[in-house]
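Number of protein chains: 2
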Amino acid sequence: MARPREFEYETALQGAMDIFWQQGYRATNLPDLLQAMGLTRGSFYQAFGDKEATYLQALDFYDACVVSKTVDMLNQCNADDATACLLPLFQPNGKEARGCFICNAMVELGSENRRAAEKANAMAGRLRAAILGVLTRCGEGRGERSPSDTADLMLHLYFGKQAMGKAGGSSNDWEARLRSLL
Amino acid sequence: MARPREFEYETALQGAMDIFWQQGYRATNLPDLLQAMGLTRGSFYQAFGDKEATYLQALDFYDACVVSKTVDMLNQCNADDATACLLPLFQPNGKEARGCFICNAMVELGSENRRAAEKANAMAGRLRAAILGVLTRCGEGRGERSPSDTADLMLHLYFGKQAMGKAGGSSNDWEARLRSLL
DNA sequence: ACAGTTTAGAACCATTCAGTACAAAACAAG
DNA sequence: CTTGTTTTGTACTGAATGGTTCTAAACTGT
Chain A
1384 MARPREFEYE
1394 TALQGAMDIF
1404 WQQGYRATNL
1414 PDLLQAMGLT
1424 RGSFYQAFGD
1434 KEATYLQALD
1444 FYDACVVSKT
1454 VDMLNQCNAD
1464 DATACLLPLF
1474 QPNGKEARGC
1484 FICNAMVELG
1494 SENRRAAEKA
1504 NAMAGRLRAA
1514 ILGVLTRCGE
1524 GRGERSPSDT
1534 ADLMLHLYFG
1544 KQAMGKAGGS
1554 SNDWEARLRS
1564 LL
Chain B
1384 MARPREFEYE
1394 TALQGAMDIF
1404 WQQGYRATNL
1414 PDLLQAMGLT
1424 RGSFYQAFGD
1434 KEATYLQALD
1444 FYDACVVSKT
1454 VDMLNQCNAD
1464 DATACLLPLF
1474 QPNGKEARGC
1484 FICNAMVELG
1494 SENRRAAEKA
1504 NAMAGRLRAA
1514 ILGVLTRCGE
1524 GRGERSPSDT
1534 ADLMLHLYFG
1544 KQAMGKAGGS
1554 SNDWEARLRS
1564 LL
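Protein chains in written order, with the working numbering: chain A, 1384 to 1565; chain B, 1384 to 1565.
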């Protein structure tokens, strides 16, 4: 019994995720954010609260979409070659400039916004668990190093690549390197 | 034949480095910056130009102080145990919240400020070269992996740890992990 | 048709932003 | 002491910031 909203919540949220992902939290001002979301101020503040709340929701949306997709990919991966399963995490995709939203959030807000840090850590934990799953399914426990340690190495390499990639300073040929440590 | 300045340039620059390192570029406003540098606006704009120029100079100062110190440490390290030489790079120092200025600059400005990205990449290159020096001096070329690839792995692990550490989500016991891949 | 809600969009708000202008102060050279 | 030059700190500026308010429109249930 009221006027229906003219925008789709998820579409707007995806726009928020895109712009925050690409520009970061502080570098995204309200006009940027509103344009990316396709909203005007009235609708935005009523539906999303404020900029910070929207950023936190964008992190959740990243979790639900991007992280979940990556986790699925890892879970469905062929269980005979860990290198081949994990290599996609290190493959250039042409979007290095925006990096990884988790990594961006950790670096920009990790030390000052506890909730953002918690969300980022939770997503990193999901990635780590999926990597660990690949390693155990591929029988990577045989060497001297525990699969858990190997998963930590992989996760840190991944975030290192995402961070360095934003400045264009990360190398590209990861297959040999990954294979050498699996 | 003029009034001498009352502040020391290097001291002020170190203050700028500290605050930019801790808070990042955008999150540091001019009052923050001026207080950290111990200057008022007049002196600041005359001596340092503007905020961006000061940030770039702060990166250079980080290179000249922090990076150089780390590189020296690696260069002077005992040439018989690569793990022991590189472990300090991964040791907690109680200042995880500020992370690594190089990593912070890469993630915050790498994709939008070419000069900041170049400086960050140059510093990362210096770290990589020093790591590579440790590896070759310690005879790490024997395995199947080239020292160059191992240096890249180490560098990416380092930046990954710095990024994750800002959100408090990086694990701590690196000795076994490093030893397992050297 | 009407009443009751919620939307959308623009006008508006105080605050903060980076940067400038300027006048007083502090020195050195003569 | 005077002159010339630079530093310093305050006052100021216009633009941009995130956020609020208000009006009119759009819709639903009765």
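Every residue, glycine too, gets a C-beta built ideally from N, C-alpha and C.
Own chain, CB closer than 7 Å to residue i, minus 5 neighbours either side, in chain order
i               : result
A1395 (chain B) : M1420, G1421, L1422
R1520 (chain B) : A1462
I1514 (chain B) : L1457, L1469, A1534, M1537, L1538
A1465 (chain A) : V1517, L1518, C1521, E1523, L1565
L1439 (chain B) : R1498, A1499, K1502
G1548 (chain B) : E1479, G1482
A1507 (chain B) : I1485, L1538
A1447 (chain B) : none
C1460 (chain B) : C1468, V1517
P1475 (chain A) : N1555
Member of the options whose CA lies at the smallest distance from the CA of residue i
i               : options                            : result
V1490 (chain B) : A:P1475, A:Q1440, A:W1404, A:V1450 : A:W1404
V1449 (chain B) : B:G1482, B:G1524, B:R1409          : B:G1482
G1407 (chain A) : B:D1455, B:S1494, B:F1390          : B:S1494
P1387 (chain B) : B:N1476, B:D1401, B:A1430          : B:A1430
S1531 (chain B) : B:T1437, B:M1506, B:R1424, B:R1511 : B:R1511
V1454 (chain B) : B:P1471, B:M1547, B:M1384, B:Y1428 : B:P1471
A1550 (chain B) : A:S1451, A:R1498, A:Y1438, A:A1385 : A:R1498
A1559 (chain A) : A:N1412, A:R1424, A:A1467          : A:A1467
A1416 (chain B) : B:I1402, B:S1426, B:Y1428          : The sequence shown places Leu at residue 1416 (chain B), rather than the Ala named in the question. It is B:I1402 whose Cα lies nearest to the Cα of L1416 (chain B).
N1496 (chain A) : A:E1435, A:Q1397, A:N1412          : A:E1435
N1555 (chain B) : B:G1398, B:G1477, B:Y1392          : B:G1477
S1426 (chain A) : A:E1391, A:N1504, A:A1546          : A:E1391
K1452 (chain B) : B:D1433, B:P1475, B:R1509, B:E1389 : B:R1509
E1393 (chain B) : B:R1525, B:G1526, B:A1441, B:N1412 : B:A1441
Residue i: contacting residues in chain A (beta-carbon distance under 7 Å)
i               : result
N1487 (chain B) : V1490
E1435 (chain B) : Going along chain A, no residue has its Cβ under 7 Å from E1435 (chain B), so there is no contact; the nearest lies around 13 Å.
G1524 (chain B) : Within chain A, no residue comes near G1524 (chain B); the closest Cβ sits about 13 Å away, beyond 7 Å.
G1432 (chain B) : Neighbours of G1432 (chain B) on chain A: none; closest Cβ ~21 Å, over 7 Å.
G1425 (chain B) : Within chain A, no residue comes near G1425 (chain B); the closest Cβ sits about 27 Å away, beyond 7 Å.
Close Cβ partners of residue i (< 8 Å) along its chain, the five nearest in sequence each way excluded
i               : result
F1473 (chain A) : L1540, Y1541, K1544, W1557, L1561
P1414 (chain A) : none
D1443 (chain A) : K1502
Contacts of residue i in chain B (Cβ-Cβ under 8 Å)
i               : result
G1527 (chain A) : A quick correction: the sequence has Glu, not Gly, at residue 1527 (chain A). Going along chain B in sequence order, the residues near E1527 (chain A) (Cβ under 8 Å) are S1563.
L1536 (chain A) : L1540, R1560, L1564
D1532 (chain A) : A1559, R1560, S1563
Whole-number beta carbon distance between residue j and residue i, since they are thought to touch under 8 Å
i               : j               : result
P1409 (chain A) : A1488 (chain B) : According to the sequence provided, residue 1409 (chain A) is Arg. The question's Pro does not apply to it. At roughly 14 Å, the Cβ-Cβ gap does not stay under 8 Å, so R1409 (chain A) and A1488 (chain B) are not in contact.
S1563 (chain B) : R1528 (chain A) : 4 Å
A1546 (chain A) : A1546 (chain B) : 5 Å
Same chain only: Cβ atoms within 6 Å of residue i, ignoring 5 sequence neighbours per side
i               : result
Y1445 (chain B) : M1400, F1484
T1437 (chain A) : A1399, F1431
Q1397 (chain A) : none
Q1639 (chain A) : Residue 1639 (chain A) falls outside the range modelled here, since chain A spans only 1384 to 1565, and no answer is possible.
Residues that residue i contacts on chain B, provided the C-beta gap is smaller than 7 Å
i               : result
A1507 (chain A) : M1547, G1552
A1500 (chain A) : A1550, G1551
Residue i: contacting residues in chain A (beta-carbon distance under 9 Å)
i               : result
G1493 (chain B) : A1480, G1482, A1546, M1547, G1548, K1549, A1550, G1551, G1552
Within chain A, the residues that residue i reaches when beta carbons sit closer than 8 Å
i               : result
A1503 (chain B) : A1550, G1552
Per-residue contacts from residue i into chain B (C-beta, under 9 Å)
i               : result
G1516 (chain A) : Those do not exist, as G1516 (chain A) stays about 18 Å from chain B at its closest Cβ, beyond 9 Å.
Pull out every residue of the segment 1390-1421 of chain A whose Cβ sits closer than 9 Å to any Cβ of chain B, in chain order. Q1405, Q1406, G1407, Y1408, R1409, A1410
Select from the segment 1469-1481 of chain A all residues with a C-beta closer than 9 Å to any C-beta belonging to chain B, and list them in chain order.
E1479, A1480, R1481
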